[in-house]
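Residue numbers (the working numbering): 136 to 344.
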């Protein structure tokens, strides 16, 4: 069931989102050659702690996972697509890094991700990030009252496909609110005019390309 948000709840979610943004900025600033993924996780933990926020990632165990998630960020490097577990790997020049982070504050969740390149960028990696950002912008542009989930998914998928990239079919966007994962799910590819309609107060993060 989709829970429509009030102005008050959206304001509360915005505060949680600001904590996530601060954590992601701190992690990106700390990411340098020789820094380990575990050290980046500690940076994010410090930001959450200072804000009085909890991590919806830490201890999270979906049905397909054999053990609870042990960190407050997902850290995916180079060929890893999503949900990488921080470990002792130390960043190298040219690494393509994606960091996903969440925060639970005042009973509401925030969740977002960034991708960046450590040191010297490869043109192919820059193009991938730029395409993902355009796909995200297209999805946001299609998320208007009266449109359907399929319209958003189609907008995202069109940009990704036109850039020559494949689509993550097993993962996509999702609703967010009191919990990190809520309805509706938002695929990264779809047909216009299909799926539930967007209301005046729906909220979800999207994960394109």
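Glycine included, every Cβ here is placed at the ideal spot set by N, Cα and C.
So for residue i, helix, strand or coil by DSSP?
i: residue 189; result: strand
i: residue 234; result: strand
i: residue 176; result: helix
i: residue 327; result: coil
i: residue 264; result: helix
i: residue 275; result: helix
i: residue 269; result: helix
I believe residue i touches residue j by the beta-carbon criterion, under 8 Å. Please report the beta-carbon distance rounded to the nearest angstrom.
i: residue 159; j: residue 249; result: 5 Å
i: residue 345; j: residue 194; result: Lying outside 136 to 344, the shown extent of the chain, residue 345 is not represented and no answer is given.
i: residue 307; j: residue 322; result: 5 Å
i: residue 302; j: residue 310; result: With 8 Å as the limit, residue 302 and residue 310 do not qualify as a contact, their Cβ atoms being about 20 Å apart.
Drop a sphere of 10 angstroms on the beta-carbon of residue i, count the other beta-carbons inside from all chains shown, and report buried for 16 or more, exposed for fewer.
i: residue 197; result: exposed
i: residue 176; result: buried
i: residue 139; result: exposed
i: residue 328; result: exposed
i: residue 199; result: exposed
i: residue 324; result: buried
i: residue 136; result: exposed
i: residue 289; result: buried
i: residue 245; result: buried
Please state if the CB of residue j and the CB of residue i are separated by a distance shorter than 8 Å.
i: residue 172; j: residue 235; result: no
i: residue 189; j: residue 239; result: yes
i: residue 232; j: residue 212; result: yes
i: residue 332; j: residue 281; result: yes
i: residue 277; j: residue 294; result: no
i: residue 161; j: residue 186; result: no
With DSSP as the reference, please indicate the residues paired to residue i in a beta bridge.
i: residue 209; result: 235
i: residue 246; result: 237
i: residue 310; result: 317
i: residue 332; result: 283
i: residue 296; result: Its beta-bridge partners do not exist; DSSP assigns none.
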